[in-house]
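Trainee: Take this structure, written in structure tokens, and hold onto it; I'll ask about it next.
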Amino acid sequence: DAGITQSPRHKVTETGTPVTLRCHQTENHRYMYWYRQDPGHGLRLIHYSYGVKDTDKGEVSDGYSVSRSKTEDFLLTLESATSSQTSVYFCAISLTGAGNTIYFGEGSWLTVV
Amino acid sequence: GQQLNQSPQSMFIQEGEDVSMNCTSSSIFNTWLWYKQDPGEGPVLLIALYKAGELTSNGRLTAQFGITRKDSFLNISASIPSDVGIYFCAGQSAGGTSYGKLTFGQGTILTVHP
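In structure tokens:
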């Protein structure tokens, strides 16, 4: 258990509705990441944070925004969900950014109908 | 952007057999990582490699960092049913602006028949 809690774990929503996924950590790690996982693509980075209020875009950031107002929480928002955003979303945390300190949450399954 | 090609996409093997999978990249990485993902779970780190040519073992698992820094392989010896899952390679660039970002391969689905 790496002290990461993702919520909700499962959600079904309609196209065009806003959705927010929450990642909460108890480890006081500086770095936090949001990845999405789709068949045939592995995990792809959406957004990441390197400190409170410090965020940047990843490989597949279109249609997503993030916020980090405190160390322990990193929020991923889909402003207007689309069917192409149906995916499994994983939050990850890291103390130093080094590969061996990166830990993943259990995932959030999002279906957009 | 950077891309990792992981092969094979899937493997069906008998218990006790050895397994080999690999990743190749169009770019150089300074760290190679291998993860395993069980159904309904997040990826879990198996092995981390930090130097070109490095060979590292973790129990029945052995991984190597290619000397060109553009490839890596993972071997599993004497497979057992609990080895079933999806295996991912991931590359990480070094430097102050990398912020720990990972680039993942597409995954290898491993099925082990008892």
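If you're matching them up, the sequences are chains H and U in order. Those letters in the first sequence? Residues -19 to 93, per the numbering used here, in order. Those letters in the second sequence? Residues 14 to 127, per the numbering used here, in order. Where is the CB? At the ideal position from N, CA and C, for every residue including glycine.
For residue 65(U), report the span of its beta strand (DSSP E) as first-last.
Mentor: No beta strand (DSSP E) holds residue 65(U); DSSP gives it neither H nor E.
Trainee: Using a beta-carbon distance cut-off of less than 8 Å, what residues from the segment 20 to 46 of chain H approach chain U?
Mentor: Flagged, chain order: 20, 21, 22, 23, 24, 25, 28, 30, 36, 38 and 39.
Trainee: I need the straight-line Cα distance from residue 69(U) to residue 75(U), nearest angstrom please.
Mentor: Rounded to whole angstroms, residue 69(U) to residue 75(U) spans 6 Å at the Cα level.
Trainee: Excluding five sequence neighbours on each side, which residues of the same chain lie with their C-beta closer than 8 Å to the C-beta of residue 18(U)?
Mentor: Excluding positions up to five away in sequence, the list reads 36, 37, 38, 118 and 119.
Trainee: So residue 52(U) contacts chain H; which residues on that side make the cut at Cβ distance below 7 Å?
Mentor: Residues of chain H passing the Cβ test: none, with the nearest at roughly 11 Å.
Trainee: Just to confirm the assignment: which complete alpha helix (DSSP H) runs, minimum length 4, are found wholly within the segment 37 to 98 of chain U?
Mentor: Complete alpha helix (DSSP H) runs here, min 4: none at all.
Trainee: Determine the DSSP secondary structure at residue -14(H), reduced to helix, strand or coil.
Mentor: Residue -14(H): strand per DSSP, three-state reduction.
Trainee: Give every residue of the same chain whose Cβ lies closer than 8 Å to the Cβ of residue 52(U), excluding the five residues on either side of it in the sequence, and list them in chain order.
Mentor: Result list for residue 52(U): 98, in chain order.
Trainee: Who are the neighbours of residue 80(H) on chain U, taking C-beta pairs under 7 Å?
Mentor: Ordered by position in chain U, the residues that pass the 7 Å Cβ test against residue 80(H) are 58 and 61.
Trainee: Starting from residue 88(H), trace the beta strand (DSSP E) both ways and give me its first and last residue.
Mentor: Here the beta strand (DSSP E) through residue 88(H) covers 88 to 92.
Trainee: Using the beta-carbon count (16 or more within 10 Å), is residue 16(H) buried or exposed?
Mentor: Buried, because 16 or more other Cβ atoms sit within 10 Å of the Cβ of residue 16(H).
Trainee: In chain order, what residues of the same chain have a beta carbon less than 7 Å from the beta carbon of residue 67(H), not counting five sequence neighbours either side?
Mentor: Taken in chain order, the residues that qualify are 16, 17, 18 and 90.
Trainee: Please go through the same chain and pick out, in chain order, the residues whose beta-carbon is closer than 6 Å to the beta-carbon of residue 16(U), but skip the five residues on each side of it.
Mentor: Result list for residue 16(U): 39, in chain order.
Trainee: Whose Cβ in chain U lies nearer than 9 Å to the Cβ of residue 52(H)?
Mentor: Ordered by position in chain U, no residue passes the 9 Å Cβ test against residue 52(H), which lies about 18 Å from the chain.
Trainee: Can you give me the Cβ contacts of residue 45(H) inside the same chain, cut-off strictly under 7 Å, excluding the 5 residues immediately before and after it?
Mentor: Excluding positions up to five away in sequence, the list reads 57 and 59.
Trainee: Identify every residue that forms a DSSP beta bridge with residue 22(H).
Mentor: Looking at the DSSP assignment, residue 22(H) forms a beta bridge with 18(H).
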